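Peer 1:
Numbering (this note's numbering), first residue to last: 11 to 204.
1. For the beta strand (DSSP E) containing residue 194, list its first residue and its last residue.
2. Are residue 57 and residue 140 close, meaning C-beta to C-beta below 8 Å?
3. Mind checking residue 108: buried by the 16 CB within 10 Å criterion, or exposed?
4. Which residue wins for smallest C-alpha separation from residue 174, given the options 165, 184, 166, 15?
5. On the three-state DSSP scale, how would you describe residue 103?
6. Pull up the distance between the alpha-carbon of residue 125 and that of residue 55, whole angstroms please.
7. In angstroms with no decimal places, state the Cα-to-Cα distance between residue 163 and residue 77.
8. Alpha carbon to alpha carbon, how far is residue 177 from residue 86? Give it in angstroms, no decimals.
9. Got a sec? Which residues, its chain only, sit under 7 Å from residue 90 by beta carbon, not counting five neighbours each side?
10. Look at residue 35 and residue 84 and say whether their C-beta atoms are less than 8 Å apart.
11. Apply the 10 Å Cβ neighbour rule to residue 166 and answer buried if 16 or more other Cβ atoms are within range, or exposed otherwise.
12. Does the Cβ-Cβ distance between residue 152 and residue 191 come in under 8 Å?
13. I'd like to know whether the C-beta atoms of residue 39 and residue 94 end up nearer to each other than 8 Å.
14. Assuming residue 29 and residue 136 are in contact, meaning their beta carbons sit under 8 Å apart, how far apart are those beta carbons, in whole angstroms?
15. Any idea if residue 48 is buried or exposed, counting beta-carbon neighbours within 10 angstroms, 16 or more meaning buried?
16. Which residue spans inside the segment 92-151 form an unbroken alpha helix (DSSP H) run of at least 4?
17. Alpha carbons only, please: which of 111, 194, 157, 171 is nearest the one belonging to residue 200?
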């Protein structure tokens, strides 16, 4: 099964708690014509869906048995991510081949194999946690880097409140729920040209 660097975005929500081994992995599955990568630490979750690439684009996959589900550890994903190139280049450089016995990546001169141990058990069924987008009562398009940067101001604060307002160009306001200090963050929405 071929995965791209985009699938490794799930690395950000892999648990570092070794007492919960199923949460220290990225669960990778084939779902129709998509490859889905998911991870959770029990509090936050990431799911990445991307169209499955043709295995013929990656020479090492010829003759390899097809798999529908595999897991890679967060440690392997962290090593793999910087080795993967943008998809604009040769397809063989943009993907890693994930097999039951490990992850194979090449830079055309060298091939690297990560032999990952398989964690047994069932990965959490998270599907019910993600409501369909057409049931949202409000949507706001935001630049994720702006959101990440403003959230850094809340580091060390136990909880925040997210406020959404009516209107077409209203900001998202984030306020601290702390009696010690009052922190307010504002992220302006992206313009929509529909």
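Don't be surprised by glycine CBs; every beta carbon is placed ideally from N, CA and C. Note that the structure is predicted; figures quoted are calculated from it, not measured.
Peer 2: Quick look at the numbers:
1. 194-197
2. yes
3. buried
4. 184
5. helix
6. 25 Å
7. 43 Å
8. 45 Å
9. 18, 106, 113, 115, 124
10. yes
11. exposed
12. no
13. no
14. That pair is no contact at about 20 Å.
15. buried
16. 101-104
17. 157
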